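Quick note: the sequence shown uses the numbering used here, first residue 1214, plus one each step. Only one structure is covered here, and it is reproduced in the block below.
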Amino acid sequence: MKGRIMMEVLFLGTGAAEGWPGVFCQCRSCEEARGLGGKNIRTRTSVQIDGKYKFDLPPDTYHHVLTHKLNLADIRHLFITHCHEDHFYWQELAMRGQPFAHMGHQEVLHVYGDRWVKETADWQELTDAGISFHEVEPGGSYQAGEARLFPLKANHMENRGALIYVFQKDEISLLYGHDSGFFYEEVWTQLSRFRLDLAVLECTHGDEDVWDNHMGIPAVLKTRERMLETGIASEETIFVATHFSHNGGLLHHELEERLNPHDILVAYDGMRLRVPRGS
């Protein structure tokens, strides 16, 4: 693929709110994960793209910086899916300002989210840290540096609000599809405008037949099937499942046994993908 345009996607964390093993948990799934280690250890979910774009800011961000040798000063655009603390630990952003951070030339960090994200953080305080907030709405289209961002309504937090995103850069299209249950019909209609190269879906509940608020494997498989049937995806689209909870009960190899036969990759902390245009 020499000379072919590629998008690099780094999965920083792949766990649900409690992490895996859970902070205080002694269930079988957590004890087995502690013993096995490796890909069974899952921190709170986040993804970085091309070293400049990031989805969500979980409480494990500092761990991600150390583990994956990141320089978050290079991040220019941060996309927040919703205001739950496992996805938006906003106090971490204050560490970007002085005296906590000394940057040779502080570029503005642009943060995108809905009105609930806007109400969660003290953006006035964060202005001094070189942060600019952009409120986005489902169905809109927004320029983010060299990328284009399309927020869509997630099937999650019905009493407030949550977003999934289509992210386009260099003619490569990525769906960051969580937290969300099976997508609303209006979202399927909106997705029909796109041809995805990468679809990142959540699988919080493992084998369980869960369709609302989060998804289990049956809903993930149906989502892939419908994307292929409607042309939103092709056989060359890369599908990835992430955001796993210990309550789903399936360790990494067990998730692979169930999902790999359907051409769905099981994400793990530190997994890197290089996504080509027109995959």
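Positions of the beta carbon are idealized from the N, C-alpha and C atoms, including for glycine. These numbers come from a predicted model, not from an experiment.
Taking all protein chains shown into account, Met1428 has 16 or more neighbouring C-beta atoms within 10 Å of its C-beta and is therefore buried. A Cβ-Cβ contact shorter than 7 Å links Phe1457 with Arg1255. Of the residues assessed, Ser1386 falls on the buried side of the cut-off, its CB having 16 or more other CB atoms within 10 angstroms. Taking the C-beta atoms as reference points, Met1316 is found nearer than 7 Å to Ala1286. Contact between Phe1301 and Leu1270 holds, since their C-beta atoms are separated by about 6 Å, short of 8 Å. The Cβ atoms of Ile1377 and Ser1354 do not sit closer than 7 Å to each other. By the C-beta density criterion, Thr1443 is exposed, having fewer than 16 other C-beta atoms within 10 angstroms.
A residue is called buried once 16 or more other Cβ atoms fall within 10 Å of its Cβ, and Ile1430 is buried on that count. The beta carbon of Asp1299 is closer than 6 Å to those of Ala1230, Arg1257, Pro1271 in its chain, skipping five residues each way along the sequence. Within the same chain, and ignoring the five residues on either side of Ser1345 in sequence, the residues whose Cβ sits closer than 6 Å to its Cβ are Val1321, His1323. For Leu1441, the enclosing alpha helix (DSSP H) stretches over residues 1430–1443. Contiguous alpha helix (DSSP H) elements confined to the segment 1307–1395 occur at 1328–1333, 1336–1340, taking only those with 4 or more residues. Between the segment 1279–1296 and the segment 1241–1254, the count of Cβ pairs shorter than 8 Å is below three; the stretches do not touch. When the alpha-carbon of Asp1422 is set against those of Lys1435, Gly1374, Met1484, Thr1450, the nearest one is in Lys1435. Rounded to whole angstroms, the separation of the alpha carbons of Ala1357 and Thr1340 is 18 Å. Sixteen is the threshold: since fewer than 16 other Cβ atoms of the shown chains lie within 10 Å of the Cβ of Cys1240, the residue is exposed.
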